[in-house]
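Data first, discussion second: the structure below is written as structure tokens.
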Amino acid sequence: MRQRGFTLIELMVAVFITAVLFAIGYGAVNQAVKNREALEQQQERLLAVQTAMRTIAQDVNQLALRPIRNPNGNDLLPVIVATGSDQQRLVELTRGGWANPAGVQRPALQRVVYLFEENTLRRRYWPVLDPLLSTEPITKDLCTGVKSVTFRYMDVSRTWRDTWPPASAVANAGQLNLRLRPIAVEVTLELNDWGKIVRVLEVPT
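The letter at position 201 of the sequence shown is residue 200 when you use numbering that gives the first Met the number 0, and the numbering goes up by one with no holes.
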């Protein structure tokens, strides 16, 4: 008995069905790859925001009662200072607990300033506590895609202030006032993609 083979039409139908299945499978795989890339980007974004907030929290929690000399070496700058009107230089403070695993000869205290430049939140510090004009700072980008950053400070009367030290402390300048610190710091980070993130940080006594 003679065996019957496939006709041309049957072969064309089989090839067409295979092509359709391949296209469906490729689309599913391609979409899965895109979803994975989007998920990885979201994870990286979340990590960057969490790291930025955690860094600010660590600096606030380590706030040290140590004023510093200004770069000219004349006047003392307060432990924490913020004008509130400068949208670029947000806040400057002295923090302790600067880890030194390599045993470098330097203080455990660190002078830190937070900057908002080019839609980026940046942290800057100096290798010495009382920097000179010639001392080069070290700057690190904490978070990009930032729309705005604001800090507020709570004084002992539980009143929120946009600037620090309070005007009353500035009027009565002295060593005690230079060491003055708030009891809490509020950080508001407004992102282009996620909106506002607000965190209130208690300052240890």
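From the three backbone atoms N, C-alpha and C, an ideal C-beta is built for every residue, glycine too.
Problem - For Met11: DSSP bridge partner residues - result: What you label residue 11 is simply residue 12 of the sequence shown in a count that begins at 1. Its beta-bridge partners do not exist; DSSP assigns none.
Practice task
Drop a sphere of 10 angstroms on the beta-carbon of Asp58, count the other beta-carbons inside from all chains shown, and report buried for 16 or more, exposed for fewer.
Solution key: For the purposes of this step, residue 58 is identified with residue 59 of the sequence shown, where counting begins at 1. By the neighbour-count rule (16 or more Cβ atoms within 10 Å), Asp58 is buried.
Handout entry: Cut-off 8 Å between Cβ atoms - residues of its own chain near Leu131, not counting five sequence neighbours on either side
Key = The residue labelled residue 131 in the question sits at position 132 within the sequence shown. For Leu131, where only same-chain residues beyond five positions count, the Cβ hits under 8 Å are Pro70 and Gly72.
Handout entry: Length at least 4, wholly inside the segment 49-96: the alpha helix (DSSP H) runs in chain order
Key = none
Problem - Cβ-Cβ distance between Pro181 and Asp161 below 8 Å - result: Taking the first residue of the sequence shown as 1, we reach residue 181 at position 182. Taking the first residue of the sequence shown as 1, we reach residue 161 at position 162. No; because the gap between Cβ atoms is not below 8 Å, this pair is not in contact.
Handout entry: Stretch pair the segment 90-100 + the segment 61-69: three plus CB contacts closer than 8 Å
Key = yes
Exercise for the section: Determine the closest residue to Trp163 out of Ala107, Gly24 and Ile79, with distance taken between C-alpha atoms. Expected result: Working through the sequence shown from its first residue, we reach residue 163 at position 164. For the residues Ala107, Gly24 and Ile79, the minimum Cα distance to Trp163 belongs to Ile79.
Practice task
Grab the span of the beta strand (DSSP E) containing Ile196 for me, first residue to last.
Solution key: Locating residue 196 in the sequence shown gives position 197, counting from the first residue. It spans Gly194 to Glu201 - the beta strand (DSSP E) in which Ile196 sits, taken as one unbroken run.
Practice task
Could you tell me which of Val197, Ala13 and Thr204 sits nearest to Gln49, measuring between CA atoms?
Solution key: In the sequence shown, residue 49 corresponds to position 50, counting from 1. The residue with the shortest Cα to Cα distance from Gln49 is Val197.
Handout entry: Assigned secondary structure, Ala183 (DSSP; H/G/I helix, E/B strand, else coil)
Key = Walking along the sequence shown from the start, residue 183 turns up at place 184. Note: Ala183 maps to strand in three-state DSSP.
Practice task
Go through its chain and collect everything with a Cβ distance to Arg68's Cβ below 6 Å, but skip five positions before and after it.
Solution key: Reading the sequence shown from its first residue, position 69 is the one you call residue 68. Cβ neighbours of Arg68 beyond the five flanking positions: Asp129.
Practice task
Would you mind sorting Arg110 into buried or exposed? The rule is 16 or more other CB atoms within 10 Å of its CB.
Solution key: Your numbering for residue 110 matches position 111 in the sequence shown. The residue in question, Arg110, is buried, as its Cβ has 16 or more Cβ neighbours within 10 Å.
Problem - Short Cβ contact (8 Å threshold) for Thr134 with Val145 - result: One-based indexing of the sequence shown puts residue 134 at position 135. One-based indexing of the sequence shown puts residue 145 at position 146. Not in contact: Thr134 and Val145 (Cβ atoms no closer than 8 Å).
Practice task
May I ask you to report which of helix, strand or coil DSSP gives Arg157?
Solution key: As a position in the sequence shown, residue 157 is number 158, starting the count at 1. Reduced to three states, the DSSP call for Arg157 is coil.
Problem - Within 8 Å, strictly: CB atoms of Ile137 and Tyr152 - result: Indexing the sequence shown from 1 puts residue 137 at position 138. Indexing the sequence shown from 1 puts residue 152 at position 153. In this structure, Tyr152 does not lie closer than 8 Å to Ile137 by Cβ.
Problem - Buried/exposed call for Pro77, threshold 16 Cβ in 10 Å - result: Here the question's residue 77 lines up with position 78 in the sequence shown. Pro77 should be labelled buried.
Practice task
Just the C-alpha distance for Thr187 and Leu141, rounded to the nearest angstrom, thanks.
Solution key: Position 188 of the sequence shown, counted from the start, is the residue given in the question as residue 187. Position 142 of the sequence shown, counted from the start, is the residue given in the question as residue 141. Cα-Cα distance, rounded: 15 Å.
Handout entry: Residues near Ala107 in its chain [Cβ-Cβ closer than 8 Å; skip 5 each side]
Key = Counting from one through the sequence shown, the residue named residue 107 turns up at place 108. The answer, listed in chain order, is Gly95, Gly96, Trp97 and Asn99.
Practice task
Given a cut-off of 8 Å, decide if Arg122 and Thr54 are closer than it, judged by their beta-carbon atoms.
Solution key: In the sequence shown, residue 54 corresponds to position 55, counting from 1. In the sequence shown, residue 122 corresponds to position 123, counting from 1. The answer is yes: Cβ separation under 8 Å.
Problem - Cβ-Cβ distance between Ala51 and Leu120 below 8 Å - result: Taking the sequence shown and counting its residues from 1, one reaches residue 51 at position 52. Taking the sequence shown and counting its residues from 1, one reaches residue 120 at position 121. Closer than 8 Å, so yes.
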